[in-house]
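Visitor: Numbering (this note's numbering), first residue to last: 50 to 316. Where is the CB? At the ideal position from N, CA and C, for every residue including glycine. Source: prediction; values computed, not measured. Shown below is the structure under consideration.
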Amino acid sequence: MISAEARLLRGFAVDFLTSHDVAAVEWVMDPAYRLSIGGFLLDGRDDSYLPATAAQLDQFPGLCVTVHDTIIGTAGVAMRFTEHGVSLRDGVPSTWGGVTLFQMAGGRLSHGWAEEDYLARKRQIKSRDCDAILPPHPCPWDARPLPPSEETERAVREWASDTGLLARPEVDQIASGGPRFEDCIAPAEVTVSHLFTAGGRAALHLVCNGSYAGGFGDIAAELVGTPAELRVAGMLDVADGRVTRVQLSADRLGLHRNLLNRQRSAG
50 MISAEARLLR GFAVDFLTSH DVAAVEWVMD PAYRLSIGGF LLDGRDDSYL
100 PATAAQLDQF PGLCVTVHDT IIGTAGVAMR FTEHGVSLRD GVPSTWGGVT
150 LFQMAGGRLS HGWAEEDYLA RKRQIKSRDC DAILPPHPCP WDARPLPPSE
200 ETERAVREWA SDTGLLARPE VDQIASGGPR FEDCIAPAEV TVSHLFTAGG
250 RAALHLVCNG SYAGGFGDIA AELVGTPAEL RVAGMLDVAD GRVTRVQLSA
300 DRLGLHRNLL NRQRSAG
């Protein structure tokens, strides 16, 4: 029998999204559920979050969620995933990865933080060339929930204090097709929006503020060095007091749109 925490995460990924069963949110999400994604706050399950998500399900009527990794904790749950399907607008299949993490309250999900690789989806739809999907996790819902760890939190907060974290060798970037995160932004400050731990694992959401590093081919060189912000969601592994692996997803599309708007205004 899977845990109540894993059942909630499975309810979100399988019963709701993959099954396109909007009624599942009644038991999966609290009515006051909030999602922080791409610099937006969808505040309220029925009035804000559900209409936005239902619109994506309508656009991708065969959308599926493949889960590659999960963290099951008593203080939160998280997953690395790929969404994939065919857009009705374009008739083109695409895949895009992401990381989402959740707080729980009263037996339901109460707040989510997520970042998805929508830049990869945009590229695939434009090129009509669909990316491959990574293998699924063999048993994403079977781990027992683990309690928070102060040692893990200390190691993660120390790791997150490094402004060079995006380019560290332990980072697995969910960034299909480039540019890499460190080519998008040179962080000067990193803020932790949310963090929870589960034994030797952790999930977090970060906001990196700094300057544009010049990674986008259609952005003028004059904008290199101007202020930039990149939001990141990640899952981390800690061993012997140090971070050994990090899976990061970032809102590259949001940064790109911001730079495009700035470029058009200047032109």
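Taking the alpha helix (DSSP H) that Gly303 belongs to, which residues open and close that run?
Guide: Here residue 303 refers to the residue found at position 254 of the sequence shown. 301 to 315 is the span of the alpha helix (DSSP H), which, as asked, contains Gly303.
Visitor: Which residue spans inside the region 86 to 165 form an unbroken beta strand (DSSP E) run of at least 3?
Guide: 89 to 92, 113 to 121, 126 to 135, 142 to 154, 157 to 165
Visitor: Buried or exposed: where does Thr240 fall if 16 or more other Cβ atoms within 10 Å of its Cβ makes it buried?
Guide: Working through the sequence shown from its first residue, we reach residue 240 at position 191. Flag for Thr240 reads exposed.
Visitor: Answer yes if the region 133 to 144 comes into contact with the region 245 to 264, meaning at least three C-beta pairs across the two stretches below 8 Å, and no otherwise.
Guide: no
Visitor: In three-state terms, what does DSSP make of Cys188?
Guide: Stepping through the sequence shown from its first residue, residue 188 is reached at position 139. Reduced to three states, the DSSP call for Cys188 is coil.
Visitor: Less than 7 Å between C-beta atoms, sequence neighbours within five positions excluded: which residues of the same chain meet that for Arg138?
Guide: As a first step, residue 138 is located in the sequence shown; it is residue number 89 there, counting from the start. Same-chain partners within the cutoff: Gln108.
Visitor: Taking the alpha-carbon positions, what's the Arg94 to Ser85 distance?
Guide: Against the sequence shown, residue 94 aligns to sequence position 45. Against the sequence shown, residue 85 aligns to sequence position 36. Going from the Cα of Arg94 to the Cα of Ser85 covers about 12 Å.
Visitor: Per DSSP, what kind of secondary structure is Glu238 in: helix, strand or coil?
Guide: Residue numbering aside, residue 238 sits at position 189 when the sequence shown is read from its first letter. In this structure, Glu238 counts as strand in the three-state DSSP scheme.
Visitor: Name the DSSP bridge partner or partners of Asp70?
Guide: Locating residue 70 in the sequence shown gives position 21, counting from the first residue. In the DSSP output, where bridge partners are listed per residue, Asp70 has none listed.
Visitor: Report the rounded CA-to-CA distance for Cys257 versus Val220, giving the unit in angstroms.
Guide: Taking the sequence shown and counting its residues from 1, one reaches residue 257 at position 208. Taking the sequence shown and counting its residues from 1, one reaches residue 220 at position 171. In a straight line, the C-alpha of Cys257 is about 15 Å away from that of Val220.
Visitor: Whole-angstrom Cβ separation of Gly322 and Leu99, contact assumed at under 8 Å?
Guide: Nothing about residue 322 can be read from this structure; the chain reaches only from 50 to 316.
Visitor: Please confirm whether Leu279 and Leu297 have their CB atoms less than 8 Å apart.
Guide: Counting from one through the sequence shown, the residue named residue 279 turns up at place 230. Counting from one through the sequence shown, the residue named residue 297 turns up at place 248. No, these two residues do not count as a Cβ contact at 8 Å.
Visitor: At what residues does the beta strand (DSSP E) containing Leu285 begin and finish?
Guide: Counted from its first residue, the sequence shown places residue 285 at position 236. Its beta strand (DSSP E) spans residues 276 to 288.
Visitor: With H, G and I counted as helix, E and B as strand and the rest as coil, what does DSSP make of Ser52?
Guide: Numbered from 1 along the sequence shown, position 3 holds the residue referred to as residue 52. Three-state result, Ser52: coil.
Visitor: Using only CA atoms, which one of Glu202, Val71, Gly122, Pro80 lies nearest to Ala103?
Guide: Against the sequence shown, residue 103 aligns to sequence position 54. The option with the nearest alpha carbon to Ala103 is Val71.
Visitor: So the candidates are Leu57, Met284, Trp162, Gln312; which of them puts its Cα closest to the Cα of Pro276?
Guide: Taking the first residue of the sequence shown as position 1, residue 276 is located at position 227. Out of Leu57, Met284, Trp162, Gln312, Gln312 has the C-alpha closest to the C-alpha of Pro276.
Visitor: Pro218 and Thr119 - do their beta-carbons sit closer together than 8 Å?
Guide: Within the sequence shown, residue 119 is the residue found at index 70, counting from 1. Within the sequence shown, residue 218 is the residue found at index 169, counting from 1. No, they are not a contact pair.
Visitor: Inspect the CB distances between the region 182 to 196 and the region 240 to 249 and report whether three or more fall short of 8 Å.
Guide: yes
Visitor: How many angstroms separate the CA atom of Ser242 from the CA atom of Glu164?
Guide: Here the question's residue 242 lines up with position 193 in the sequence shown. Here the question's residue 164 lines up with position 115 in the sequence shown. Taking the straight line joining both Cα atoms gives about 13 Å.
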